[in-house]
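Report on one structure; see the data block that follows.
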Amino acid sequence: WDQEVHDFIGESIALLSGTPSFRTYTTAAQFKAAGLDWKAMILSRWKLPASTAAVVLLKADSSFESEEARVNAFVADKHGCRATYFNIAKTLKGKVSTATHLIVTGSAPTLPIPVTTVAEAITPAPIASAA
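Take the sequence shown: its letters are residues 83 to 213, numbered as in this note's numbering.
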């Protein structure tokens, strides 16, 4: 139920060699809620090479002022050289798009509160009286 998660998966779905499962969406949303790098998690689940995933993430990051800044970040993070960045970007052309776009509506289902103690796990729930 997170529009940004759906948008990122939709834009990157052509990089996947199979079909994303609902688990990918829910895990990404959980990672995002926890403040973790959920985009990298998705790409690693899809088993993309690290340098390809780096280019995808850099392209998706709007905080860079220019393509040159993205290239510099790619090289600084030791994913490869300038030419490697552009070669990977060229292979991604046409694979990353906004063509697959879902609009998320409604709200997430409520999740049960997890059991926190052994006593809670073994204590039966009270039986409602038929009064």
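For every residue, glycine included, the Cβ atom is placed at its ideal position computed from N, Cα and C.
| query | result |
| --- | --- |
| contact_flag[the stretch 107-116, the stretch 146-163] where n(CB pairs < 8 Å) is 3 or more | no |
| Per-residue DSSP class, three states only, for S94 | helix |
| Inter-residue Cα distance where the pair is W128 and V138 | 12 Å |
| Pairwise C-alpha distance: S94 and A136 | 13 Å |
| 8 Å CB neighbourhood of T106 in its chain, flanking five on each side removed | I91, I124, R127 |
| Anticipated Cβ contact below 8 Å, A155 with L140, distance rounded | 6 Å |
| CB-CB length for S133 against H161, believed under 8 Å | 4 Å |
| C-beta contact flag for L97 and L130 at 8 Å | yes |
| Span of the alpha helix (DSSP H), counted from its first residue to its last, around K141 | 132-142 |
| Buried versus exposed, by CB contacts within 10 Å (16 or more), K172 | exposed |
| As assigned by DSSP and simplified to three states, the class of E147 | coil |
| Neighbour-count burial assignment, W83, 16 or more Cβ in a 10 Å radius | exposed |
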